[in-house]
Every structure is written in C-alpha cells, then in structure tokens.
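Presented below is the structure to which this report refers.
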Amino acid sequence: MATSRAYSIVVEDQDVIVRLRGGVLDPAAVSKFLDYLELESIRRRSELSEADAQALASEVDRAVWERTRPEDLS
Numbered sequence: 000m001a002t003s004r005a006y007s008i009v010v011e012d013q014d015v016i017v018r019l020r021g022g023v024l025d026p027a028a029v030s031k032f033l034d035y036l037e038l039e040s041i042r043r044r045s046e047l048s049e050a051d052a053q054a055l056a057s058e059v060d061r062a063v064w065e066r067t068r069p070e071d072l073s
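Once you know that position 4 of the sequence shown is 3 in numbering that gives the first Met the number 0, the rest is easy, because the numbers rise by one and skip nothing.
If you want it as structure tokens, here you go:
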C-alpha cells in the first residue's frame with residue numbers, strides 16, 4: 000500500500016514552495032526552522048571572517064554586560 004509523502008516541494012520562478020501535510024510539524028517548529036534557514040542564507044552571503052565575527056560578538060557581549068551588570072559589581 001503506497002503512502003503519500005508528508006511534504007511536497009515546488010519551485011516557481013524565484014520561489015521555493017514547501018507544503019506540509021497538516022499535523023506533520025508544529026507551526027512553531029516550522030517557524031524556528033525557517034528562521035534557521037534564513038540565518039544560514041545570510042551567513043553564506045556574508046564576507047565577515049570568523050575572526051571578525053568573534054571580535055564583533057565579544058564587543059556585543061561587553062556592551063550588554065556594561066548595561067546589565069549589577070551596581071555592586073561596578
């Protein structure tokens with residue numbers, strides 16, 4: 000007995016359309032996965048080196064710490 004697939008993928012012009020059978024995945028999980036795909040796409044196109052990315056992350060960490068650290072640790 001053949002079973003139908005839980006999803007289908009169609010490419011139209013510049014769009015990729017993915018259809019999921021109802022109940023296959025939780026909508027929140029699909030949204031999280033699509034966010035991941037979008038970030039991966041941005042990362043692939045980025046010309047930022049790994050070292051530059053690490054330096055930027057450290058700078059952000061320091062800035063956040065400066066704004067959120069408790070007064071008694073200043």
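Backbone N, C-alpha and C fix where the C-beta goes; we use that ideal spot for every residue, glycine too.
Coil, strand or helix - residue i by DSSP
i: LEU47; result: coil
i: ASP34; result: helix
i: GLU39; result: helix
i: SER7; result: strand
N- and C-terminal bounds of the beta strand (DSSP E) containing residue i
i: LEU24; result: Run containing LEU24: none; DSSP gives neither H nor E here.
i: GLU70; result: Unbroken run through GLU70: none, as it is neither H nor E.
i: SER3; result: Where SER3 is concerned, there is no enclosing beta strand (DSSP E), given that its DSSP letter is neither H nor E.
i: ASP14; result: 14–19
Proximity winner among the options, relative to residue i (alpha-carbon distances)
i: ARG20; options: LYS31, ILE8, ALA52, ASP12; result: ILE8
Anticipated Cβ contact below 8 Å, residue i with residue j, distance rounded
i: TYR6; j: VAL17; result: 6 Å
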